[in-house]
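Structure first, commentary second.
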Amino acid sequence: METKYWDLNDTLYTESAISEAAELLLKGETVAFPTETVYGLGADATNQQAVSKIFEAKGRPQDNPLIAHVAAKEQLAGLVESTPGYVDKLIDQFTPGPLTFILPHNGKCAGNVTAGLSTIAIRIPDHPVARDLLTACRVPLAAPSANASGKPSPTTAQHVWADLNGKIAGILDGGATGVGLESTVLDCTGDIPVILRPGGVTKEELEKAAGKVLLDPGIMNEHGKPRSPGMKYRHYAPEVDLWLIEGTAEQIQEMIDKEKSHAKMIGVMAQTNVAAQLHADQVFDLGNQPEEIAAKLYDALRTFKEGDVDLIICEALPEKGIGQAIMNRLKKAAAKHIGV
Ligand code: AMP
Ligand code: MG
1 METKYWDLND
11 TLYTESAISE
21 AAELLLKGET
31 VAFPTETVYG
41 LGADATNQQA
51 VSKIFEAKGR
61 PQDNPLIAHV
71 AAKEQLAGLV
81 ESTPGYVDKL
91 IDQFTPGPLT
101 FILPHNGKCA
111 GNVTAGLSTI
121 AIRIPDHPVA
131 RDLLTACRVP
141 LAAPSANASG
151 KPSPTTAQHV
161 WADLNGKIAG
171 ILDGGATGVG
181 LESTVLDCTG
191 DIPVILRPGG
201 VTKEELEKAA
211 GKVLLDPGIM
221 NEHGKPRSPG
231 MKYRHYAPEV
241 DLWLIEGTAE
251 QIQEMIDKEK
261 SHAKMIGVMA
271 QTNVAAQLHA
281 DQVFDLGNQP
291 EEIAAKLYDA
301 LRTFKEGDVD
311 LIICEALPEK
321 GIGQAIMNRL
331 KKAAAKHIGV
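Per our numbering, the very first residue in the sequence shown carries number 1; after that it's consecutive.
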């Protein structure tokens, strides 16, 4: 299949690109588009056959349900049975934005969007291209991250192209995404909301708005049993092994030197002050602020190529605020977690 590529940085092209992409989606094809979190691979969520093309293109396991994206609050309400009171508060405060609500569905979306579950994941994205596309389509779009299953999520159209060129109908290139990590997935089926996947909206922010919020114990522990079907799979894996190391710059350097003595080429990812002290074959400076690290993380994981390095050593980062989502992704990407 030839994959159409629309460069939205060319402003003259924007409007016709959105309507061409919407037309393809309404015909049952898949199109990748930018959101504020990562690039999504969209299909008409009411069309079972269209949705099955997402699973095929990504090589995604069939039991991993998708997030339905909608343009507005009223559209969200049209897909669910009921919403507890705290959901209205969260919608007012965090949508559009990187927060996904798990709610009992009313059967309007195709069965493969929810992998047969009685609940559905819904999000209202906050990116002009995603919003324009959803408005043009008028149907909800099922849209998981637009990467090959298992790989780091795409934060640029080039990442999408590298994974899915030839397998999808089109890519809308709206530049690099802002947040850089996926949305927070929040189970809103009970009296107290439960975070099933940490993401763009932090637990602290949610608690300020809605009171008590729980964290599914399965998610931060590498051996736990997560309640969100997708969290059980190995994710975000770079081309070569990644080791996550808790320690000082000196301890990380010792680890690098030890592995280098086994004739390995080493890549390193660390915060600016630590990266500046490290010597390795490739060093990726993740920046200082957690938000900057989140935005750079997946690009960093894709930068280290097989053949250039044999091992990536990554500094473990503080698990506060969005750091919780960063470490959740790093633990899933890592082959080894050392020093805990
Ligand atoms: P992705 O779209 O690739 O970012 O992945 C969506 C995440 O949401 C996966 O971890 C899914 O397992 C999770 N998810 C989607 N629908 C549900 C649901 N109904 N209940 C629990 N988790 C869900
Ligand atoms: Mg994904």
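Heads up, the beta-carbon is just placed ideally off N, CA and C, and yes, glycines get one too.
Remember, predicted model here, so these are calculated numbers, not experimental data.
Could you spell out the range, first to last residue, of the beta strand (DSSP E) harbouring residue i?
i, result
"residue 34", "31-34"
"residue 265", "Per DSSP, residue 265 belongs to no beta strand (DSSP E) and is neither H nor E."
"residue 197", "194-197"
"residue 99", "99-104"
"residue 184", "184-187"
"residue 4", "4-7"
"residue 76", "Residue 76 -> not in any beta strand (DSSP E); alpha helix (DSSP H) instead, spanning 73-77."
"residue 27", "Segment: none, residue 27 is in no beta strand (DSSP E) and carries neither H nor E."
"residue 235", "Counting along the chain, residue 235 falls outside any beta strand (DSSP E), and DSSP gives it neither H nor E."
"residue 336", "336-338"
What are the boundary residues of the alpha helix (DSSP H) that residue i is part of?
i, result
"residue 279", "Neither: residue 279 is in no alpha helix (DSSP H) and is coded neither H nor E."
"residue 298", "290-303"
"residue 119", "Per DSSP, residue 119 belongs to no alpha helix (DSSP H); it is in the beta strand (DSSP E), 119-123."
"residue 90", "85-94"
"residue 252", "249-260"
"residue 331", "323-333"
"residue 135", "128-137"
From the DSSP output, which residues share a beta bridge with residue i?
i, result
"residue 40", "33 and 145"
"residue 55", "Answer is none; residue 55 lacks a bridge partner."
"residue 284", "269"
"residue 161", "According to DSSP, which records beta bridges pairwise, residue 161 is partnered with nothing at all."
"residue 214", "194"
"residue 241", "311"
"residue 70", "Partner(s): none; residue 70 has no beta bridge."
"residue 80", "105"
"residue 306", "309"
Taking buried to mean at least 16 other C-beta atoms within 10 Å of its own C-beta, is residue i buried or exposed?
i, result
"residue 97", "buried"
"residue 190", "exposed"
"residue 58", "buried"
"residue 127", "buried"
"residue 306", "exposed"
"residue 135", "exposed"
"residue 62", "exposed"
"residue 267", "buried"
"residue 330", "buried"
"residue 246", "exposed"
"residue 175", "exposed"
"residue 315", "buried"
"residue 152", "buried"
"residue 263", "exposed"
Helix or strand or just coil, what does DSSP make of residue i?
i, result
"residue 314", "strand"
"residue 270", "strand"
"residue 170", "strand"
"residue 13", "helix"
"residue 201", "coil"
"residue 181", "coil"
"residue 246", "coil"
"residue 207", "helix"
(request) Go through the residues and name those whose CB comes closer than 6 Å to any heavy atom of the ligand MG, in chain order. (result) 144, 145 and 153
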